[in-house]
Amino acid sequence: MKGKCPGCFFEFDIVDDVMIGEIIECPDCAIQLEVVEKNNGGIVFEVAHLEEEDWGE
Ligand SMILES: [Zn+2]
Numbered sequence: 001m002k003g004k005c006p007g008c009f010f011e012f013d014i015v016d017d018v019m020i021g022e023i024i025e026c027p028d029c030a031i032q033l034e035v036v037e038k039n040n041g042g043i044v045f046e047v048a049h050l051e052e053e054d055w056g057e
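Read in order, the letters of the sequence shown are residues 1 to 57 in the numbering used here.
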C-alpha cells in the first residue's frame with residue numbers, strides 16, 4: 001500500500017497488514033507518523049506526538 005507523509009508529502013510503500021494506530025517513521029523526513037485510516041487508495045497518516053504521550057502506566 002501507499003501512504004503520503006503529511007509533513008513532507010513524500011509518498012512511500014507500507015506493508016499491507018499495517019494496523020490503525022501503528023507508528024511509522026517517514027523514510028524521507030524521519031518524523032513519526034500514526035496510521036489513522038486504511039482504504040483502497042492507501043494509508044492516511046497523522047503526525048504522531050510521541051513526546052506528549054501519556055502511556056498511562
Ligand atoms: Zn516525511
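Think of the CB as a built atom: it goes at the ideal place given N, C-alpha and C, for glycine as much as any other residue.
- Taking C-beta atoms under 8 Å as the contact rule, V18 and V35 qualify, at a distance of about 6 Å.
- Taking 7 Å as the cut-off, one finds no heavy atom of ligand 1 near enough to the beta carbon of I23.
- Nearest in C-alpha terms to G42, of all of L33, I14, C26 and F9, is I14.
- Distance from the CA of I24 to the CA of D54, rounded to the nearest whole angstrom, comes to 19 Å.
- Judged by DSSP in its simplified three-state form, E22 adopts coil rather than helix or strand.
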